[in-house]
Structure formats: C-alpha cells, structure tokens
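In the working numbering, the protein residues as written are 2 to 267. Backbone N, C-alpha and C fix where the C-beta goes; we use that ideal spot for every residue, glycine too. Notes for the one structure printed next.
Structure below.
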C-alpha cells in the first residue's frame, strides 16, 4: 500500500497522544514487560510515523517496564537455503567467506518493519547477540532479557523468549496476526520429536570473523493462527483498536503453555 493509499484509507489520523490513549485502553500498563510485533501501515496514517509509535509505547510502559521487539536477520543465513530470491551456487563459497559478520550494534534487521528499525536504534536499547533471531529491548529488564542468547536453538530455553516467560511478560500484536507471534516458537522447543536442522551464519568469535554452523530445530509458524484463535477462547486475550490496527495483548506464559499443550496433543 502506497503512502497515498494509506492517507485515503485513514478515517482519523494517529498521533503519539492518541496512540498512548489507545494502548492504555487496550490494557497496556506502566511496568509491563512486552514483546511487540507491529505493522506501521495497519494504524492508518501516523503523524510522526514509526517514531510516534515507539514513543507512545515507551511512554505507556515507562522505564519501570520493558519493551522488546524481534530484530531478526534472516538474510544472515546459509545461501544454499535462500529462496526469495535464490542465488547461483557458484556464489555460495564467496558468501561463506565474504559476508560481513553479524554485529548487534550495527547490523540492521531484515524485513521486520519500520517500527522495529526505529526502536533498534533508540537510545538505551540493547540487542541480543544472535545472527538470525536477535531481540532488542529497552527498560528495566532489558539486559536480563538480551544477555546470554544461545547460538544453538535460538528461540528456545536460552533465548529472550524464555527470559520473558520467566518474567511473566506479554505479547502485543499491533496490526499483525498470530503467524507473527514469535513467542509461540518457544512452545515448539518444549515438545519432543522436533526435527533438528543445521544452520549457518557469519559471526565474530574470539575476535575474528568466521562462518559458524550451529544446531536448531525446524520451526513452523503456519499453525500459529489456529493456536491463537483457540487461545482467544480462553478469555485471556485483550482485543481493541490501536489507531485503525486490530490489537491483541496476551499473557506470554499462559499463551506458551497453551501452545505447548496444543502441539503435544494435536
């Protein structure tokens, strides 16, 4: 959707102040620990764009809370598996040798949206050191959530998702569906029989750039919308509008436990 189309589709423009009011009406409160997934265009036209969205989230949560966003870099992966677009096989060895290493301070997220990129570069934000599934965080628990992010099994028990589970955090979906709800991935690691895969990415290790291979599991978000819809029936999901976006606020621990049980018994 073009900028002109967004303007034409907007009945009431959003400001930082209106977003603050909408977020509080949804149920977001100071002191919460929240993992946010968002689509900027879903809000309608926003005065100040992604900066206004980030400012509104920080204002509501306050420094007593913690704001977290996924800053994933799917392009920092094995070129042999690239599909959109694939690259010629003769390029693979060059990429293994020459692709710059992931550096949490400067490597941009990949296809995660404008709100994420504004947040990633915001003063006081820290980022976990994973070349493919990093998270950025700001606030009270930011250091705890992003520290010691395991290279292997990157969305499992040694990940920011697990630390948020320990903290009784929340997931906030702003204009996106449950297929974007990263937190459900933690449930995939908590059931037996997952297919293991070998991944790779360029990282800094012992002060030098190397191509590192590491274990993970084969993740699948295709079933997440069904899990989310069934979880909503438990009455634990708060639903409202933020701007023109459909917004959902859900308790992460309960959602992960529900998804784990659902996956185990499907």
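Alpha carbon of residue i to alpha carbon of residue j, nearest angstrom
| i | j | result |
| --- | --- | --- |
| residue 177 | residue 218 | 24 Å |
| residue 202 | residue 68 | 27 Å |
| residue 58 | residue 19 | 11 Å |
| residue 103 | residue 135 | 10 Å |
| residue 30 | residue 43 | 22 Å |
| residue 119 | residue 50 | 10 Å |
| residue 258 | residue 183 | 14 Å |
| residue 75 | residue 133 | 5 Å |
| residue 55 | residue 87 | 34 Å |
| residue 220 | residue 8 | 37 Å |
| residue 235 | residue 252 | 12 Å |
| residue 90 | residue 52 | 40 Å |
| residue 208 | residue 6 | 48 Å |
| residue 158 | residue 242 | 33 Å |
| residue 267 | residue 154 | 23 Å |
| residue 101 | residue 197 | 26 Å |
| residue 185 | residue 107 | 28 Å |
| residue 156 | residue 83 | 20 Å |
Cβ-based neighbour list, residue i, same chain, cut-off 8 Å, excluding 5 preceding and 5 following
| i | result |
| --- | --- |
| residue 121 | 70, 72, 109, 110, 128 and 137 |
| residue 126 | 120, 137, 138, 139 and 143 |
| residue 239 | 27, 28, 249, 250 and 251 |
Check whether residue i and residue j have beta carbons under 7 Å apart
| i | j | result |
| --- | --- | --- |
| residue 162 | residue 187 | yes |
| residue 225 | residue 180 | yes |
| residue 66 | residue 170 | no |
| residue 173 | residue 250 | yes |
| residue 21 | residue 60 | yes |
| residue 46 | residue 14 | yes |
| residue 280 | residue 246 | Not covered by the structure: residue 280. The range shown for the chain is 2 to 267. |
| residue 92 | residue 81 | no |
| residue 160 | residue 149 | no |
| residue 16 | residue 48 | yes |
| residue 77 | residue 212 | no |
Candidates the options, of which the one nearest residue i by Cα
| i | options | result |
| --- | --- | --- |
| residue 99 | 215, 205 and 35 | 205 |
| residue 145 | 38, 165 and 254 | 165 |
| residue 79 | 55, 131, 200 and 63 | 200 |
| residue 237 | 221, 255, 243 and 220 | 255 |
| residue 63 | 32, 130 and 131 | 32 |
| residue 85 | 107, 101 and 112 | 112 |
Proximal residues to residue i (C-beta, below 7 Å), its chain only, five neighbours per side dropped
| i | result |
| --- | --- |
| residue 168 | 34 and 142 |
| residue 261 | 188, 191 and 192 |
| residue 354 | There is no way to answer for residue 354, as the model of the chain reaches only from 2 to 267. |
| residue 114 | 39, 40 and 41 |
| residue 265 | 192 |
Contacting residues, own chain, Cβ-Cβ under 6 Å from residue i (five flanking each side not counted)
| i | result |
| --- | --- |
| residue 229 | 179 |
| residue 37 | 70 and 173 |
| residue 195 | 218 |
In chain order, what are the residue ranges of uninterrupted beta strand (DSSP E) at least 3 long that sit wholly in the region 3 to 61? 34 to 39
- Inside the region 94 to 147 only - alpha helix (DSSP H) runs reaching at least 4 residues: 115 to 121 and 143 to 147
Notebook entry, point to check: What beta strand (DSSP E) runs, 3 residues minimum, are completely inside the region 165 to 253?
Noted result: 171 to 175, 197 to 206, 209 to 218, 239 to 243 and 246 to 252
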